[in-house]
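K.L.:
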Amino acid sequence: MRCKDIECFLEEAGSKSLSQPMREHLSGCASCRGMWSDLQLLRAGFAALAEEPPPQPSLGFGARVIRRLESVRGPGNAAAEFFERTGRRFVLAGMLLALLFILALALPSSGPFRGPATAEVYLAQPEPGAQRESTILGDEFSDTSEATAGDLNMRSNKR
Amino acid sequence: MDEPTPDAGQEVEWIKRVQRGDQEPFGLLIERHQRRVFSIIYHLIRRRDDVEDIAQEIFIKAFLAIRGYNFESSFGTWLSRVSVNHCYDYLRRLRSSRVRYFWEMGDEARLQLESRAESEGAGDLNQEDQAAVKEFAGKLLERAPAADRVILGLKELEDLSVEEIAEIMDLKVSTVKVRLHRARKRMLNDAKKMQEGR
């Protein structure tokens, strides 16, 4: 038997008695004998460790876990919480839009919050002064800005 | 691993209620499985004072993940898987935060164990010797990588069969056998190093 072959047998043999060829090999091979001793030693150690009784749950252990669970999100709550939060956001966004709409309707057409359309209408109206000048100067000078001093002089000379 | 209980149907009902978000039956599940979880934690981590805190974390983790439980394996096996994974993570964190060293036994204990190793076997050990080998195995386990510690703990301390370990760890039986063999070999090498004083 070779050392490599015996390795697995030794591992599986456990505390069982070894076969004759194995014993023969062990008696002649210090390395395998050492391994066997170590394995036995380990087994004994593990057996002793396994005999140690594990600690028992203290009184009310389950209740304490449940209490801790209450502060942790539960399996069903995650989805519900998501929808609740999303729904709340939709409601808030809707309320904000409604408020903006109401404000747009309720704002007066004058004042600091006038819209551009109102301003255009105001600017397009002819100024009262300009109307009066066009009446004085006649249709030729409907726009006073076009009437220069020279034009006025020419007109007076013609007359 | 999990003995079929007469009220297995009741347990299924409790699980379904918990899956629907009812916390109350989870207390009953804790009651039923807590000893097993405590045993796994103690055998894998071997820190008596930390067992209860770790068990709480495991049950909370299980509660949060219970919607993913699909009844393919028994609840006990599923919970054992959650426990083993949690212990594995814990051991990895513990190991990464610790300085590695080869030798941490006193000279006296080392000499005692060398003489044990030379003896024929360890079957007929007296109480004192048993304490020494227990310490030896415990220290070897503590020095072992997290994966070796978990698989050896389940096999040697929890006394589970290779098939049961395969089910819990979601591995093939042949993979478990190979991993066990390698873990033992690494541990024996480490034991040799300890005995040589390195």
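Residue numbers (the working numbering), protein chains in the order written: chain R, 132 to 290; chain V, 2 to 199. Cβ atoms here follow ideal geometry from the backbone N, Cα and C, with glycine treated the same way. Source: prediction; values computed, not measured.
1) Between which residues of its own chain and F27/V is the CB-CB distance below 7 Å, once the five residues before and five after are set aside?
2) If you measure beta-carbon to beta-carbon, which residues of the segment 33–53 of chain V are closer than 9 Å to chain R?
3) Give the straight-line distance between the Cα atoms of R49/V and E183/R, rounded to the nearest whole angstrom.
4) What are the start and end residues of the alpha helix (DSSP H) that includes I59/V?
5) Could you tell me the alpha carbon to alpha carbon distance between W79/V and A66/V, rounded to whole angstroms?
6) Quick check: is the beta carbon of G28/V nearer than 7 Å to any beta carbon in chain R?
7) Could you name the residues of the segment 142–153 of chain V whose beta carbon sits closer than 7 Å to any beta carbon of chain R, in the order they occur along the chain?
8) What three-state label does DSSP hand E142/R in the structure shown?
9) Are A138/V and R93/V touching if we call contact CB-CB under 7 Å?
10) Rounded to the nearest angstrom, what separates Y70/V and A133/V at their Cα positions?
11) Between the Cα of A179/R and the Cα atoms of L158/V, V38/V, A184/V and D54/V, which residue gives the shortest distance?
12) Here's the rule: buried if 16 or more other CB atoms are within 10 angstroms of the residue's CB, otherwise exposed. What is R47/V?
13) Kindly confirm or deny that the segment 162–175 of chain V and the segment 73–87 of chain V touch, where touching means at least three C-beta pairs closer than 8 Å.
14) Exposed or buried, what is L229/R when buried is set at 16 or more other beta-carbons lying within 10 Å of its beta-carbon?
15) Shorter than 7 Å from the beta carbon of F292/R to some beta carbon of chain V?
16) Run down chain V in chain order and give the residues with a C-beta less than 9 Å from the C-beta of E142/R.
17) Sorted by chain position, which residues of the same chain lie with C-beta nearer than 7 Å to F140/R's C-beta, five sequence neighbours on each side aside?
18) Counting only the same chain and skipping the five closest in sequence on each side, list residues whose C-beta sits under 7 Å from that of R101/V.
19) If we define contact as Cβ-Cβ less than 7 Å, is G205/R a contact residue for chain V?
20) Any contact of the segment 153–172 of chain R with the segment 11–18 of chain V, i.e. 3+ C-beta pairs under 8 Å?
21) Can you tell me where the alpha helix (DSSP H) with L170/R in it begins and where it stops?
22) Can you list the residues of chain R that V134/V reaches, using a CB-CB cut of under 7 Å?
23) So which residues of chain R does Q131/V contact, with C-beta pairs closer than 8 Å?
24) Is L172/R near the ligand GTP - that is, is its Cβ less than 6 Å away from at least one heavy atom of it?
P.N.:
In brief:
1) Working through the second sequence from its first residue, we reach residue 27/V at position 26. The residues V19 and F64, in chain order, have a CB closer than 7 Å to that of F27/V in the same chain once the five nearest residues on each side in sequence are set aside.
2) Hits within the stretch, in order: Q35, R36, V38, F39, S40, I41, I42, Y43, H44, R47, R49, D50, V52 and E53.
3) If you number the second sequence from 1, residue 49/V lands on position 48. If you number the first sequence from 1, residue 183/R lands on position 52. Answer to the nearest angstrom: the Cα atoms are 11 Å apart.
4) Mapped onto the second sequence, residue 59/V falls at position 58. V52 to A66 is the extent of the alpha helix (DSSP H) around I59/V.
5) On the second sequence, position 78 is the one that residue 79/V refers to. On the second sequence, position 65 is the one that residue 66/V refers to. Rounded to whole angstroms, W79/V to A66/V spans 11 Å at the Cα level.
6) The residue given as residue 28/V occupies position 27 in the second sequence. For G28/V, the answer is yes, since a Cβ of chain R falls inside 7 Å of its Cβ.
7) none
8) By one-based count along the first sequence, residue 142/R stands at place 11. Of the three classes helix, strand and coil, the one that applies to E142/R here is helix, per DSSP.
9) Numbered from 1 along the second sequence, position 137 holds the residue referred to as residue 138/V. Numbered from 1 along the second sequence, position 92 holds the residue referred to as residue 93/V. Their beta carbons are not under 7 Å apart, which means A138/V does not touch R93/V by this criterion.
10) As a first step, residue 70/V is located in the second sequence; it is residue number 69 there, counting from the start. As a first step, residue 133/V is located in the second sequence; it is residue number 132 there, counting from the start. Cα to Cα, the separation comes out at about 43 Å.
11) Start at 1 with the first residue of the first sequence, and residue 179/R comes out as number 48. If we check each option's Cα against that of A179/R, L158/V comes out closest.
12) Your numbering for residue 47/V matches position 46 in the second sequence. Per the 10 Å Cβ criterion, buried.
13) Contact check between the segment 162–175 of chain V and the segment 73–87 of chain V: three or more CB pairs, one atom from each, fall below 8 Å, which counts as touching.
14) The residue you call residue 229/R lines up with position 98 of the first sequence. Per the sequence shown, the amino acid found at residue 229/R is Ala instead of Leu. By the neighbour-count rule (16 or more Cβ atoms within 10 Å), A229/R is not buried but exposed.
15) Because chain R here runs from 132 to 290, residue 292/R falls outside it and cannot be looked at.
16) As a working mapping, residue 142/R is identified with position 11 in the first sequence. Per Cβ cutoff of 9 Å: L181, H182, R185 and K186.
17) If you number the first sequence from 1, residue 140/R lands on position 9. Once the five neighbours on either side are set aside, the close Cβ partners of F140/R are M153.
18) Counting from one through the second sequence, the residue named residue 101/V turns up at place 100. Any answer about R101/V is weak, because its pLDDT of 43 lies below 50 and its placement is not dependable; what the coordinates show is given next. Answer for R101/V: no residue qualifies.
19) Counting from one through the first sequence, the residue named residue 205/R turns up at place 74. Only weak support is given to the placement of G205/R: the predicted model assigns it a pLDDT of 49, under 50, and the value that follows is read from those uncertain coordinates. Chain V, which has a Cβ nearer than 7 Å to the Cβ of G205/R, makes this yes.
20) no
21) Translated into the one-based positions of the first sequence, residue 170/R becomes position 39. Residues A161 to E182.
22) Translated into positions along the second sequence, residue 134/V becomes position 133. Ordered by position in chain R, the residues that pass the 7 Å Cβ test against V134/V are L172, A175, G176 and A179.
23) Your numbering for residue 131/V matches position 130 in the second sequence. The answer, in chain order, is A175 and A179.
24) Among the components modelled here there is no ligand, and therefore nothing to report on the ligand GTP.
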